[in-house]
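Shown next, in structure tokens, is the structure this report addresses.
Number of protein chains: 2
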Amino acid sequence: MDSRPIGVFDSGVGGLTVFREISRALPGEPLLYLGDSARVPYGTKSPETIQRYAREAAYFLLERDVKMLVVACNTATAAALPILERELSIPVIGVVEPGARAAVSVTKGRVGVIATEGTVRSRAYTRAIHAIDGSVEVIEQPCPLFVALAEEGWAGTNVAREVAEVYLAPLLREKIDTLVLGCTHYPILRATIAEVTGEGVTIVDSAETTALAVEAALHDSAIRASESDPKYQFLVTDATERFLRIAETFLDHSVDHLDLVDIARDQPVG
Amino acid sequence: MDSRPIGVFDSGVGGLTVFREISRALPGEPLLYLGDSARVPYGTKSPETIQRYAREAAYFLLERDVKMLVVACNTATAAALPILERELSIPVIGVVEPGARAAVSVTKGRVGVIATEGTVRSRAYTRAIHAIDGSVEVIEQPCPLFVALAEEGWAGTNVAREVAEVYLAPLLREKIDTLVLGCTHYPILRATIAEVTGEGVTIVDSAETTALAVEAALHDSAIRASESDPKYQFLVTDATERFLRIAETFLDHSVDHLDLVDIARDQPVG
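Protein chains in written order, with my numbering: chain A, 1 to 270; chain B, 1001 to 1270.
Structure, rendered in structure tokens:
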């Protein structure tokens, strides 16, 4: 038994979809969420900058005594997971590998991946899928407007549908049978995306599969908790009001413990 | 005569619309542009964070020996201009006051202002307009999706038009006769915005009026330059490739001297 919290890190609010799935799958675990809202979004930034930001967040959470780190952001996972796994002594779980694994398990051979510019540029999903099954065709497509649409409450609108049609057209032309939502914001637009892809395409939400990976890693390391009323704490680096407003769309419960923190000031020298 | 460059600072690429107008109005002036693309956008962030970022950028440009600072970002102007004016010994020009002045000079009494969440929350335009003429009605409207639409190349699309219709509807219901583009990204969407507002509404682009304010301030301080081939230099804090790609949409010439800099590391303690 280990009652220390699991640290869940994202560039902003997107990781709340992962937080939600972990809290559902593991209701006895205390969770500490960190959203780097002072520097959101990561998706349009360079790998070097994302690595710097991710390290700062990870070391900040380590100081708060987390027993495990979940990188609940595809862009940060794609750019920084190997570095974090190498540097940290606690288990580190990213969102790309669980999504890739789920996609391979359901696909008939043609997988589409939609993600941020940074994640697509990294080809992290193609590599992760091919590491499991080299015969799967992977087509990646950046959807930069989706994050803004999800955050600004445009899910389900005609505008969201038209944007989805433009972004998904190249994937549908390539006859994908499976679509990975490779950005933690995208589950908010899931209904719209599913409308455009139609019934022939299976949608993989890596938030769900990441929660399963977290459960397995807790078991492997024998660090599970089973609190009867586990504490959920939220930390953000900026604009708490905006976070609270958007969090309502992403979570199915209210955010009770929210604090503003500064993670960039005392960064580790690396 | 003063051949030092004018520093032009923005959170990313939006300020290039201001840069363009300054280079047109003052073809003999060397210009040094700084885009804080590692932390873009500012529009959704808190005043305190924006102030910190703006000070870091200003001190960074001071070290590069600029003779004047143009804050070519409405959000940064709204949050940080008084602080920068107080702290810096060189002239500091923001984009809000010139836009407000232009709006008052053309309006029949009802001005709409579209801007980022941060600028609208600050009420900087309402205050600036009322400081000139207290009888003008000002209605402010945040348009958070416009930045992403402009940067991702969706200007002129049906999606951009539908989004503009949603955002502008409350202003048109209020019978505005003048519309201020209160974000330096919005001139990219000007044609779409004008289509939605129709001919009865005069559009004020603060990039143009800011260039005039820069010209006046250079004259007042007797620090004009008249280089026959003035140097244009561009500095960004991240993702140079993305900057180059988007800059093409914003400028009418190519970007020749672009460097990656780190402005957050050696910030002044204030």
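For glycine and all other residues, C-beta sits at the position ideal for the given N, C-alpha and C. Note that this is a predicted model, so its numbers are computed, not measured.
In its chain, beyond the 5 residues on either side, I114, Q141 and C143 have a beta carbon closer than 7 Å to the beta carbon of Y167 of chain A. Per DSSP, reduced to three states, the secondary structure at Y1232 of chain B is strand. Within chain A, the C-beta atoms nearer than 9 Å to that of P1144 of chain B come from A148, E151 and E152, in chain order. Among the residues of the stretch 1035-1053 of chain B, those with a Cβ less than 7 Å away from any Cβ of chain A are A1038, R1039, T1044, K1045, S1046 and T1049, in the order of the chain.
Listed in chain order, the positions of the stretch 154-168 of chain A with a beta carbon within less than 9 Å of a beta carbon of chain B are W154, T157, N158, V159, E162, V163 and V166. F1234 of chain B is not a Cβ neighbour of V1013 of chain B, given a cutoff of 8 Å. DSSP places G1109 of chain B outside both helix and strand once states are collapsed to three, so it counts as coil. Judged by beta-carbon spacing, Y1125 of chain B lies within the 8 Å limit of G1182 of chain B, meaning their Cβ atoms are closer than that value. Under the Cβ distance rule, R1024 of chain B does not count among the residues neighbouring chain A, no pair being separated by less than 8 Å. Judged by DSSP secondary structure, T197 of chain A falls outside any beta strand (DSSP E) and instead within the alpha helix (DSSP H) spanning R190 to T197.
Taking 8 Å as the threshold, the shortest C-beta distance from A1264 of chain B to chain A falls below it.
Within chain B, the residues T1044, K1045 and S1046 have their CB atoms less than 7 Å from the CB of A239 of chain A, given in chain order.
In the DSSP assignment, I132 of chain A falls outside any beta strand (DSSP E) and lies within the alpha helix (DSSP H) extending over A124 to I132. The continuous beta strand (DSSP E) containing D259 of chain A extends over residues H257 to L260. Within a 10 Å sphere around the beta-carbon of R1024 of chain B sit fewer than 16 other beta-carbons, which makes this residue exposed.
From the beta-carbon of R1242 of chain B, the residues of chain A found nearer than 7 Å are T44. Put simply, the stretch 4-19 of chain A touches the stretch 31-43 of chain A. At least three CB pairs are less than 8 Å apart. Here V96 of chain A is buried: its Cβ has 16 or more other Cβ atoms, across all protein chains shown, within 10 Å. For P1142 of chain B, the uninterrupted beta strand (DSSP E) segment begins and ends at E1137 to P1142.
Taking a 10 Å sphere around the C-beta of K1108 of chain B, we find fewer than 16 other C-beta atoms and assign the residue as exposed. Contact annotation: the stretch 150-160 of chain A touches the stretch 187-200 of chain A, with at least three C-beta pairs closer than 8 Å. From the listed residues A:I176, A:A79 and A:A225, the smallest Cα separation to V136 of chain A is found for A:I176.
Counting every other CB atom within 10 Å of its CB across the protein chains shown gives M1068 of chain B a total of 16 or more, marking it as buried. The alpha helix (DSSP H) runs lying completely inside the stretch 1022-1060 of chain B and spanning 4 residues or more number zero.
For V1071 of chain B, the beta-bridge partners assigned by DSSP are B:F1009 and B:G1094. Contact between the stretch 1208-1225 of chain B and the stretch 1144-1151 of chain B is absent: fewer than 3 CB-CB pairs across the two stretches fall below 8 Å.
With respect to the 8 Å criterion, A1102 of chain B and V1111 of chain B are not classified as neighbours on the basis of their beta carbons. The DSSP-derived three-state label of I223 of chain A is coil.
In the structure shown, L181 of chain A adopts extended strand secondary structure according to DSSP, grouped into three states.
E1085 of chain B places its beta carbon 8 Å or farther from that of P1230 of chain B. Assignment of V1214 of chain B by DSSP, reduced to helix, strand and coil, places it in the helix class. Rounded to whole angstroms, the separation of the alpha carbons of P1091 of chain B and E48 of chain A is 35 Å.
With contacts defined by Cβ atoms closer than 8 Å, I22 of chain A and A211 of chain A form a contacting pair. For E1241 of chain B, the closest of B:T1178, B:S1228, B:D1252 and B:D1256 by C-alpha to C-alpha distance is B:D1256.
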